[in-house]
Structure formats: structure tokens, C-alpha cells
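Undergrad: Please find one structure pasted underneath; my questions will follow.
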Amino acid sequence: MTPLKYLQAYPVALQDQIRQLIEQKRLGEYLLKRYPGKHAVQNDKALYSYTLALKQAYLKNAPNIDKVLYDSRLDLTHKALGLHTAISRVQGGKLKAKKEIRVAALFKEAAPEFLEMIVVHELAHLKEQDHNKAFYKLCEYMLPEYHQLEFDLRVFLTYRALNKGGPEMADQVILF
1 MTPLKYLQAY
11 PVALQDQIRQ
21 LIEQKRLGEY
31 LLKRYPGKHA
41 VQNDKALYSY
51 TLALKQAYLK
61 NAPNIDKVLY
71 DSRLDLTHKA
81 LGLHTAISRV
91 QGGKLKAKKE
101 IRVAALFKEA
111 APEFLEMIVV
121 HELAHLKEQD
131 HNKAFYKLCE
141 YMLPEYHQLE
151 FDLRVFLTYR
161 ALNKGGPEMA
171 DQVILF
């Protein structure tokens, strides 16, 4: 049985469905059918604007965001696809905290739904630090299909891991 490290927390029945798609070499086809598009948010300035628009729509009272950028150092080896940080500095006797959101560079080429899911996830951390019930409720408020997208993103990561340097569909799907 193929271990699915990104899907281990999900029920065995769901994992078996993904294994079946893998065995039939149809996982890439499944992903392409569900997420055929590519977003236009290709640089840090556009990502900042995109993130700010989502924040304005759903989290008007949350702290301001000082910086949003794609980070090529973020990847699965760091176990992070996005990060939220608050950097505190003393400036003229005052303590200033700057909020930053970093999104893994692999999302430059991902489906728009996956980018939105990651940004929503990081924005939710402005209000809720921990991954608790309130955090996921906030994610669902901003993006009602959040849980399905998180699952599909994990399927995408599984496909990506299986096809490093790989088969015919890999070129089409790994960077859709």
C-alpha cells in the first residue's frame, strides 16, 4: 500500500480513492479537471494587493499587514506552504510590530483556488494563532469550500511528490 504522507489525517476510505487514482494513472487528470486555471498573481506587489483585498473583504478590524511576498525558501522541507510572522523592533523608544505573510513560491504557478486557500489560511492567523475550532470557522467564513480545497491541495502535493521528474501528465499538472 502506497503511503500518502500529505493525506494521513484523512479517513482510510478517502486515501484508498486517491490510491486508486494513482494506480490507474488518473490523479493528474482528476486535478486538471477540477482545477484547470492558473492565476495572474505573479509578483510580490500583486500578491500584496490580492491579500489586502481579501483582508478588507473579511477582516477589516484585523491588524494591518506590512509585507506579503512569495518566498522561494518555503517548501515542503520546511513543512510550510505559507507563514505569518510578527517582527518586533524598537524604534525611537517604541516597540513596533510588523506583520508579514509569506507564501511558498510554488503557488505562483498553482490553481487560483489553491492560492486563495493559502492566503485565507494565513489571514486567519491574524485573528487566531492556533489551528483550533475558531481558526477553521474563520477560514470557512472567508472561503466556504476551505476544507475541500485543503484536501485537494494535499492531493496536489501528493501528485507533485509522486511525479518529481516524472511522467507525461506531470508537466501539465505540477505547475498548473
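For the sequence shown, UniProt numbering assigns the number 1 to the initial residue and increments by one for each residue that follows. Beta carbons are placed, not taken as given, at the ideal position from N, Cα and C, and that holds for glycine. Keep in mind it's a predicted model, so treat the numbers as computed, not measured.
How should residue 16 be labelled, buried or exposed, when 16 other C-beta atoms within 10 angstroms of its C-beta is the threshold for buried?
TA: exposed
Undergrad: Are the segment 123-142 and the segment 6-15 touching by the rule of at least three beta carbon pairs closer than 8 Å?
TA: no
Undergrad: Could you please give the first and the last residue of the uninterrupted alpha helix (DSSP H) stretch that includes residue 44?
TA: 44-58
Undergrad: What alpha helix (DSSP H) runs, 4 residues minimum, are completely inside the UniProt domain "YgjP-like metallopeptidase" (93-153)?
TA: 112-124 and 133-142
Undergrad: Within the continuous alpha helix (DSSP H) that includes residue 33, where are the two ends?
TA: 27-34
Undergrad: Output the boundary residues of the alpha helix (DSSP H) element that contains residue 66.
TA: Secondary structure note for residue 66: it is in no alpha helix (DSSP H), with a DSSP letter that is neither H nor E.
Undergrad: Considering only their Cβ atoms, is the gap separating residue 119 from residue 59 smaller than 9 Å?
TA: The criterion of a C-beta distance shorter than 9 Å is not satisfied by residue 59 and residue 119.
Undergrad: So does the segment 61-71 actually touch the segment 93-100, counting three or more Cβ pairs closer than 8 Å?
TA: yes
Undergrad: What residue range does the alpha helix (DSSP H) around residue 19 cover?
TA: Residue 19 -> alpha helix (DSSP H) spans 12-23.
Undergrad: Taking the straight line between their C-alpha atoms, what separation do you get for residue 179 and residue 114?
TA: Lying before the first or after the last residue shown, residue 179 is absent from the chain, which here runs from 1 to 176.
Undergrad: Looking only at DSSP bridge pairs, what is residue 91 linked to?
TA: 94
Undergrad: So, are the CB atoms of residue 149 and residue 143 less than 9 Å apart?
TA: When the beta-carbon positions are compared, residue 149 and residue 143 come within less than 9 Å of each other.
Undergrad: I need the DSSP call for residue 78, collapsed to helix, strand or coil.
TA: Residue placement at residue 78 is flagged as unreliable, the pLDDT there being 47, under the threshold of 50; a coordinate-derived value is accordingly withheld.
Undergrad: Could you have a look at residue 6 and say whether DSSP puts it in helix, strand or coil?
TA: coil
Undergrad: Give me the Cα-Cα distance between residue 30 and residue 133, rounded to the nearest whole angstrom.
TA: Looking at the backbone, the Cα of residue 30 and that of residue 133 are separated by about 30 Å.
Undergrad: If you measure between the beta carbons of residue 147 and residue 136, is that distance less than 9 Å?
TA: yes
Undergrad: For residue 44, which residues of its own chain have a beta-carbon under 8 Å away from its beta-carbon, when the five flanking residues on both sides are left out?
TA: 68, 69 and 70
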